[in-house]
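Trainee: Quick one: the structure is below, and I'll ask about it shortly.
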RNA sequence: GGGCCGUUAGCUCAGUCGGUAGAGCAGCAGACUUUUAAUCUGUUGGUCGCAGGUUCGAUUCCUGCACGGCUCACCA
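Residue numbers (our numbering): 27 to 533.
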């Protein structure tokens, strides 16, 4: 609020609390102390004693020291009920003047919802049979000078929720739950791959040549070397260098950066799992992916069908598998084999049914993918593997042996969203070099997202990369699916927003 | 970037067919030793997102801007 030039007649809520800090200090009570050591987290109490009745608790000769934030306060003249929250749970605390003593109770009466406290006491059950800590002592650990949002409606304003995620996390249990799930998902994935002999690795985020995906990069500059660097759009080409180096089962779970639009499904930095398995084909990855996702679903929820928005997603095996062409023939209105066999007819079809402008060279592969994206994707609600992508849009994938116009590549769709993308890797350096050259041509004809030439990657392939299959899974989108979150911002702690305008609320 | 919608007290929201605003919760003062959105009494609090325009008068109407949401386009 004001800068104090004009003495405010009415104190702001914050000023009231700042004044309380001064008053406490005068009484020798610090507002920010760091000498309290809890003996338990709240979940320890809840897990062990939730089953104990009042009588049994009375016989328990034990005291507990607990710390956390006061998130509710129901105060009487000489007693009060507090709801204490820590990372692991919530527990009620009962504070009585005759238990904690007059002086401590007077200090306690100055506390506000939002303050962080430490309490020591014993367990009992209230009249309403709620497990409660009867406090022998209460100490203020951290004074909160800003008021929390309203106790009933909480914080709902999305902008504030994202900008001040800390408040969101204090107040909204369901938001906390999403992030606990996210962490659990990532942990389970690590375990899944480690158990299967994969090595977790880290490769450069800042790259002199970017590649591994079709996207525009963020550009930065290294001062000492005076060189341009790109934030990676994918780790792919580095991970495959590791496969060349003999690390034939690797995975990386980390951030990618793409300088593109922001939406409910896109954040400029997002988390990607990429893994590479030598002596395998994309067929092996289909099975592995299905196993992984099913493992996550059943471990997290103990069931196989999860809600997502309006849909109920059934994760039970086996998942549907079809080629791009098959999917188009099923879903694209009015499409026929005849059209797909003739590039001009495909072009006409795209003109009539969509308003997509093909960037770069028009080819049968690009047209097929355009038709697929426009007419098929959002119909793939239940988990579906789409296979056999055109070579023009798959510059790093191995060609299909029966039909070299297509590659041994797949994508996984769930709820109309692309969740995973994998393929048998192209390990022929001559073909790879030609594909890069083709990409350069695309770039010249206006496709800004076409690949750069990566000479060192070609050299690596020339040393020989074993036959390998690799895959990327978008962790944010996967988390969205597994937590029924309809915006990517709900699964990223601090999604990118424009800076808020300066307000006089700072300091 | 385009379209639509939103922005009023710390929070959640009303409201003003143009005459400078209300509620609940929170806060403050008081009562209260088993509450569960505790209760009861009293009470403070607002540059109505920002800047212009129209008007005697704008929080309200108009324009522009900022930020956000949804959506389209690009992508994962």
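C-beta: ideal position from N, C-alpha, C; glycine also.
Nearest-angstrom Cα distance between residue 194 and residue 432?
Mentor: 48 Å
Trainee: Would you mind listing the alpha helix (DSSP H) stretches within the segment 375-412 that are 4+ residues and don't spill past its ends, in chain order?
Mentor: Listed in chain order, they are 390-401.
Trainee: Do residue 196 and residue 108 count as a contact pair if the criterion is CB distance below 9 Å?
Mentor: No.
Trainee: My parser needs the alpha helix (DSSP H) runs of 4 or more residues fully inside the segment 306-376; what are they?
Mentor: 308-327, 350-357 and 363-366
Trainee: Using only the alpha-carbon positions, how far apart do residue 396 and residue 286 sit?
Mentor: 19 Å
Trainee: With H, G and I counted as helix, E and B as strand and the rest as coil, what does DSSP make of residue 45?
Mentor: helix
Trainee: Roughly how many angstroms lie between the CA atoms of residue 59 and residue 165, to the nearest whole one?
Mentor: Their backbone Cα atoms lie some 9 Å apart in a straight line.
Trainee: Any idea what DSSP makes of residue 518, helix, strand or coil?
Mentor: coil
Trainee: DSSP three-state call for residue 180: helix, strand or coil?
Mentor: Note: residue 180 maps to coil in three-state DSSP.
Trainee: In its own chain, which residues sit with a C-beta less than 6 Å from the C-beta of residue 386, not counting the 5 before and 5 after it?
Mentor: 468, 471, 472 and 473
Trainee: Determine the direct distance from the alpha carbon of residue 361 to that of residue 330, and round the result to whole angstroms.
Mentor: 34 Å
Trainee: Between the segment 306-316 and the segment 202-217, are three or more C-beta pairs nearer than 8 Å?
Mentor: Segments in contact, no.
Trainee: In chain order, which alpha helix (DSSP H) runs of at least 4 residues are fully inside the segment 87-153?
Mentor: 123-126 and 128-134
Trainee: Between 455, 443 and 359, which lies nearest to residue 421 when the distance is taken from Cα to Cα?
Mentor: With distances taken between Cα atoms, residue 421 lies closest to 455.
Trainee: Just to confirm before moving on: does the CB-CB distance between residue 515 and residue 184 stay below 9 Å?
Mentor: yes
Trainee: For residue 518, which residues from the same chain have a beta carbon less than 8 Å from its beta carbon, with the 5 sequence-adjacent residues on both sides left out?
Mentor: The beta carbon of residue 518 lies closer than 8 Å to those of 293, 296 and 502 in the same chain, with the five residues before and after it left out.
Trainee: Would you mind sorting residue 175 into buried or exposed? The rule is 16 or more other CB atoms within 10 Å of its CB.
Mentor: buried
Trainee: Alpha carbon to alpha carbon, what distance is there between residue 45 and residue 447?
Mentor: In a straight line, the C-alpha of residue 447 is about 58 Å away from that of residue 45.
Trainee: Work out the CA separation of residue 521 and residue 290 for me, nearest whole Å.
Mentor: 11 Å
Trainee: Going by C-alpha distance, which of 237, 257, 79 and 154 is nearest residue 245?
Mentor: 257
Trainee: Only counting the same chain, and skipping five residues up and downstream in sequence, which positions put a Cβ closer than 6 Å to that of residue 509?
Mentor: 204 and 207
Trainee: When you compare the CB positions of residue 308 and residue 398, do they come within less than 9 Å of one another, or not?
Mentor: no
Trainee: Do residue 189 and residue 526 have their C-beta atoms within less than 9 Å of each other?
Mentor: yes
Trainee: Which two residues bound the contiguous beta strand (DSSP E) that contains residue 159?
Mentor: 157-168
Trainee: Give every residue of the same chain whose Cβ lies closer than 6 Å to the Cβ of residue 401, excluding the five residues on either side of it in the sequence, and list them in chain order.
Mentor: 357 and 358
Trainee: Cα-Cα, which of 382, 267, 320 and 243 is closest to residue 283?
Mentor: 243
Trainee: What whole-angstrom Cβ distance do residue 460 and residue 237 have, given they're in contact under 8 Å?
Mentor: That pair is no contact at about 15 Å.
Trainee: Go ahead and label residue 141 buried or exposed: buried means 16 or more other beta carbons lie within 10 angstroms of its beta carbon, across all protein chains shown.
Mentor: buried
Trainee: Does DSSP classify residue 267 as helix, strand or coil?
Mentor: helix
Trainee: What residues are listed by DSSP as bridge partners for residue 427?
Mentor: Note: residue 427 sits in no beta bridge, so no partner.
Trainee: Could you pull the start and end residues of the alpha helix (DSSP H) that residue 276 belongs to?
Mentor: No alpha helix (DSSP H) holds residue 276; the beta strand (DSSP E) holding it covers 275-283.
Trainee: State yes or no: is the C-beta of residue 159 within less than 9 Å of the C-beta of residue 71?
Mentor: yes
Trainee: Alpha carbon to alpha carbon, what distance is there between residue 378 and residue 368?
Mentor: The straight-line gap separating the alpha-carbon atoms of residue 368 and residue 378 is approximately 15 Å.
Trainee: How about residue 145 and residue 101: do their beta carbons lie closer than 9 Å?
Mentor: With respect to residue 101, residue 145 sits apart: the two C-beta atoms are not nearer than 9 Å.
Trainee: Just verifying my parser: in three-state terms, what is the DSSP assignment at residue 39?
Mentor: helix
Trainee: Just the Cα atoms here: how many angstroms apart are residue 323 and residue 78?
Mentor: Residue 323 and residue 78: Cα-Cα distance of roughly 32 Å.
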